[in-house]
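In what follows, a structure is listed as structure tokens, so that the remarks can point back to it.
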Amino acid sequence: MKKIILTGDRPTGKLHLGHYVGSLKRRVELQNSGEFDEIYIMIADAQALTDNMENPEKVRQNIIEVALDYLACGLDPQKSVLFIQSQIPELCEMTFYYMNLVTVSRLQLNPTVKSEIQMRNFEKTIPVGFFTYPVSQAADITAFKATIVPVGEDQSPMIEQTREIARRFNNIYNTDVLIEPKILLPENSACLRLPGTDGKAKMSKSLGNCIYLSDSEEEIKQKVMTMFTDPTHLRVEDPGHVEGNPVFIYLDAFCNDEHFEKYLPEYKNLDELKAHYTRGGLGDVKVKRFLNSVLQDTLRPIRERRKEFEKDIPAIYKMLEEGSIVARKKASITLEEMKRAMKINYFEDKEYINQQAQKFA
Ligand code: ATP
Ligand code: MG
2 MKKIILTGDR
12 PTGKLHLGHY
22 VGSLKRRVEL
32 QNSGEFDEIY
42 IMIADAQALT
52 DNMENPEKVR
62 QNIIEVALDY
72 LACGLDPQKS
82 VLFIQSQIPE
92 LCEMTFYYMN
102 LVTVSRLQLN
112 PTVKSEIQMR
122 NFEKTIPVGF
132 FTYPVSQAAD
142 ITAFKATIVP
152 VGEDQSPMIE
162 QTREIARRFN
172 NIYNTDVLIE
182 PKILLPENSA
192 CLRLPGTDGK
202 AKMSKSLGNC
212 IYLSDSEEEI
222 KQKVMTMFTD
232 PTHLRVEDPG
242 HVEGNPVFIY
252 LDAFCNDEHF
262 EKYLPEYKNL
272 DELKAHYTRG
282 GLGDVKVKRF
292 LNSVLQDTLR
302 PIRERRKEFE
312 KDIPAIYKML
322 EEGSIVARKK
332 ASITLEEMKR
342 AMKINYFEDK
352 EYINQQAQKF
362 A
């Protein structure tokens with residue numbers, strides 16, 4: 002069986018550190034491992050419209066921002082197909098058939114959608130499209146016969162839903178057209194769901210608690226120095242808490258022993274720094290300065306590569322257009338196979354037409 006990746010992001014803003022550790026960094030590593038036969042990276046504009054229907058301009062503008070972030074992080078159109086969801090109408094057709102395989106009560110159980118509904122005050126006004134986006138996501142994944150979906154932890158209910166749909170489809174229509182994908186979560190537990198700079202559970206474009214990959218040196222520094230830390234750690238001498246403290250969670254996600262050698266040689270590693278903070282006698286400012294240095298080192302090369310790509314924007318749209326053509330071909334083959342399995346390929350099935358003719362003869 003071919004090894005195929007599909008993953009993507011909603012163009013609702015620029016990409017941030019949560020995207021980077023949750024999925025983007027891994028995608029680039031997988032892309033460069035050469036182990037995959039096909040890699041599809043989707044800018045999910047149609048999904049973004051499910052909760053931004055009144056603001057299409059925001060979605061439109063962020064397509065190029067997300068594409069620039071992709072290229073800056075090392076996604077390479079020579080190795081991965083970068084495309085835009087709305088340009089693949091086959092995905093809508095698949096979604097329509099998948100809707101019959103899912104119950105309303107099953108969708109209501111999805112914990113990610115539940116919390117997103119709450120976050121958007123959608124309790125009484127939820128658009129049907131938003132409510133059913135996990136079904137459309139199943140179409141995105143299965144259209145490309147993805148075997149692996151590298152995403153953050155918030156996506157695991159979506160992958161589970163996709164597996165259920167694929168299984169049901171194959172069972173009902175007695176076929177093996179659809180592949181049940183596997184989720185690939187970050188290995189480092191700090192990266193599963195990176196918290197926001199405000200200490201909220203998830204860094205998210207919709208919550209405005211992000212450090213963006215394209216932030217300037219000054220913006221990064223300002224955001225780090227005003228980050229939420231341990232509210233009980235009032236004086237330097239007080240013992241501090243590292244669990245649930247976003248500054249230490251970011252260090253877990255980003256720093257390595259070389260960073261200590263370079264910026265904080267009095268500590269060998271993060272364990273020593275954590276022990277000191279927990280004991281008391283280590284100020285937040287010192288830890289934040291260290292985190293700032295680590296993040297600056299991580300983001301500087303990404304920002305610089307982005308500046309290079311910004312010089313030829315039409316070339317990026319061209320690349321996305323070509324990627325969308327390639328992606329559409331793949332999705333249309335899967336859709337044809339699906340329709341054959343569902344026996345809604347009336348005009349192709351000459352034998353069936355003959356049988357019908359006999360019946361009426
Ligand atoms: P929105 O607020 O519009 O939903 P978002 O910030 O949640 O945006 P998405 O485009 O929904 O971003 O998510 C894209 C990918 O990034 C998904 O794989 C998701 O799991 C991952 N991701 C997003 N935020 C985080 C985070 N804070 N930590 C780890 N992974 C994340
Ligand atoms: Mg999201």
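Sequential numbering of the sequence shown, starting at 2, is according to the numbering used here.
All C-beta atoms, glycine included, are put in the ideal place defined by N, C-alpha and C.
Predicted, not measured: the structure shown is a model, and the values here were computed from it.
Check	Outcome
Quick check: MET343 and TYR98, are their CB atoms within less than 8 Å of each other?	yes
Indicate the three-state DSSP secondary structure (helix, strand or coil) for LYS146 in the structure shown.	coil
Assuming SER24 and THR13 make a contact with CB atoms under 8 Å, what is their CB distance in whole Å?	Between THR13 and SER24 the Cβ distance is about 15 Å, and since that is not below 8 Å, they are no contact.
With DSSP run on the structure shown, which of helix, strand or coil describes TYR98?	helix
Does the structure place the region 318-337 close enough to the region 78-93 that three or more beta carbon pairs sit under 8 Å?	yes
Where GLN62 and ILE314 are concerned, what is the direct C-alpha to C-alpha distance, given to the nearest angstrom?	12 Å
Can you name, in chain order, every residue of its own chain whose Cβ lies under 8 Å from the Cβ of LEU69, other than the five neighbours on each side?	SER215, ARG307, PHE310, GLU311 and ILE317
Report all residues from its chain with a CB closer than 8 Å to the CB of LEU336; omit the five preceding and five following residues, and keep chain order.	GLU91, GLU94, MET95 and ALA144
May I ask whether a heavy atom of the ligand ATP can be found less than 7 Å away from the beta carbon of SER24?	yes
Verify the contact flag: LYS206, CB atom, against every heavy atom of the ligand ATP, threshold strictly below 7 Å.	yes
Between ASP46, THR176, LEU179 and ASN56, which lies nearest to ILE65 when the distance is taken from Cα to Cα?	ASP46
For CYS74 versus VAL29, is the C-beta distance shorter than 8 Å?	yes
Name the one or two DSSP bridge partners that MET343 has.	In the DSSP output, where bridge partners are listed per residue, MET343 has none listed.
For ASP258 and PHE249, I'd like the C-alpha separation in whole angstroms.	15 Å
Sorted by chain position, which residues of the same chain lie with C-beta nearer than 8 Å to ALA276's C-beta, five sequence neighbours on each side aside?	none
Say the cut is 7 Å; is the CB of ARG194 nearer than that to a heavy atom of the ligand ATP?	yes
In three-state terms, what does DSSP make of LEU214?	coil
According to DSSP, simplified to helix, strand and coil, what is LEU185?	strand
Give me the Cα-Cα distance between LYS201 and ARG169, rounded to the nearest whole angstrom.	37 Å
Which runs of the alpha helix (DSSP H), 4 residues or longer, sit entirely within the region 103-141?	105-109, 112-120 and 129-132
If you run the structure through DSSP and keep just helix, strand and coil, what is PRO247?	helix
Quick one: is the Cβ of GLY153 within less than 7 Å of any heavy atom of the ligand ATP?	yes
For a minimum of 4 consecutive residues, which ranges assigned as the alpha helix (DSSP H) are wholly contained in the region 277-319?	285-310
Checking 8 Å against the spacing of the C-beta atoms, do TYR71 and ILE40 come in under that value?	no
Under 7 Å from any heavy atom of the ligand ATP, does the C-beta of LYS319 make it?	no
Residues in the same chain with beta-carbon distance under 6 Å from PHE291, minus the five sequence neighbours each way, listed in chain order, please.	TYR264 and LEU265
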